[in-house]
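Written below as structure tokens is the structure these notes are about.
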Amino acid sequence: MKSEPNVYSIKDLQHDGETIWDGVRNYQARNFLRSMELGDLVFFYHSNSNPPGIAGLGKITGINLHDPSQFDVQSKYYDPQSHPDKPRWQTVKLGFLDEFPTLLPLDELRRQFNPDDLWVVRRGNRLSVTPVPESVALQILKLSKTSSI
DNA sequence: GCCAACGTTGGC
DNA sequence: GCCAACGTTGGC
Numbered sequence: 002m003k004s005e006p007n008v009y010s011i012k013d014l015q016h017d018g019e020t021i022w023d024g025v026r027n028y029q030a031r032n033f034l035r036s037m038e039l040g041d042l043v044f045f046y047h048s049n050s051n052p053p054g055i056a057g058l059g060k061i062t063g064i065n066l067h068d069p070s071q072f073d074v075q076s077k078y079y080d081p082q083s084h085p086d087k088p089r090w091q092t093v094k095l096g097f098l099d100e101f102p103t104l105l106p107l108d109e110l111r112r113q114f115n116p117d118d119l120w121v122v123r124r125g126n127r128l129s130v131t132p133v134p135e136s137v138a139l140q141i142l143k144l145s146k147t148s149s150i
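Right, here's the structure in full:
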């Protein structure tokens, strides 16, 4: 899952303990959110930063939640087309697990992985929520030197 | 700051 | 339903 660290970083997640992942307004990303299960591991990716890369680990602590911001007129994510009896945007709650000892940078990910296996290294990829195959996830964990798993 | 990629909008 | 225009994302 991607986040711009100047907006919400892995340290913010650590501070909060968990957070509702609101504001996703892309159907493909939403569908990935819908498919998540309790306890799923999440790589927390810092986008639009220098350097971009995976900053830490989270896990899913709540599933199939209605994104509250879709009904919040004040929110920039407000969606007037979405109705409370049939919410359009579902999301998850993300809990903090670990901040990697060092950020695992995008260029390292590009060296290690094939764009077919890891969406984040795909050219022009803009999806903010993408699946990671288990075999790739295990390799990333190894590269990250995290001691939390 | 540039620009490629690509999703969304709206006229037709 | 097509597609040009436009806006956003995000790496560099």
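Sequential numbering of the first sequence, starting at 2, is according to the numbering used here. Just so you know, even glycine gets a beta-carbon here, dropped at the ideal spot from N, CA and C. Note that the structure is a prediction, hence the values are computed from the model and not measured.
Taking the alpha-carbon positions, what's the R124 to D118 distance?
-> If you number the first sequence from 1, residue 124 lands on position 123. If you number the first sequence from 1, residue 118 lands on position 117. Going by the C-alpha atoms only, they are around 13 Å apart.
Got a sec? Which residues, its chain only, sit under 7 Å from G63 by beta carbon, not counting five neighbours each side?
-> Here residue 63 refers to the residue found at position 62 of the first sequence. Excluding positions up to five away in sequence, the list reads V93, K94.
Among the residues of its own chain, which have a CB less than 8 Å from the CB of Y46, if the five just before and after it don't count?
-> Working through the first sequence from its first residue, we reach residue 46 at position 45. Around Y46: M2, K3, S4, P53, G54, I55, A56, V121.
Return the chain-ordered list of same chain residues with a C-beta closer than 6 Å to the C-beta of L98, the five sequence neighbours on each side being excluded.
-> The residue you call residue 98 lines up with position 97 of the first sequence. Non-local beta-carbon contacts of L98 in its own chain, meaning distances under 6 Å to residues more than five positions away in sequence, involve L58, G59, K60, S149 in chain order.
Identity of the residue in I141, N27, G96, L104 nearest L14 by Cα = In the first sequence, the residue the question calls residue 14 occupies position 13. Considering only I141, N27, G96, L104, the residue with the shortest C-alpha distance to L14 is G96.
So what's Q29 in DSSP terms, helix, strand or just coil?
-> In the first sequence, residue 29 corresponds to position 28, counting from 1. Q29: helix per DSSP, three-state reduction.
Hey, is the stretch 30 to 48 in contact with the stretch 128 to 148, meaning 3+ C-beta pairs nearer than 8 Å?
-> With a cut-off of 8 Å, the stretch 128 to 148 and the stretch 30 to 48 count as touching, because enough Cβ pairs lie within range.
Between which two residues does the alpha helix (DSSP H) containing V137 stretch?
-> Within the first sequence, numbered from 1, the residue matching residue 137 stands at position 136. DSSP places V137 in the uninterrupted alpha helix (DSSP H) bounded by 135 to 145.
Pick from I11, L66, T20, H67 that is closest to F44, judged by C-alpha positions = Numbered from 1 along the first sequence, position 43 holds the residue referred to as residue 44. Of the listed residues, the one whose Cα sits closest to F44 is I11.
Alpha-carbon spacing of S50 relative to D73, whole angstroms = Locating residue 50 in the first sequence gives position 49, where the first residue counts as 1. Locating residue 73 in the first sequence gives position 72, where the first residue counts as 1. Spanning the two alpha carbons is a distance of roughly 29 Å.
In angstroms with no decimal places, state the Cα-to-Cα distance between V8 and T20.
-> Locating residue 8 in the first sequence gives position 7, where the first residue counts as 1. Locating residue 20 in the first sequence gives position 19, where the first residue counts as 1. Straight through space, the alpha carbons of T20 and V8 are spaced by roughly 13 Å.
Outcome for Q29 when other beta-carbon atoms lying within 10 angstroms are tallied against a minimum of 16 = Taking the first residue of the first sequence as position 1, residue 29 is located at position 28. Result: exposed.
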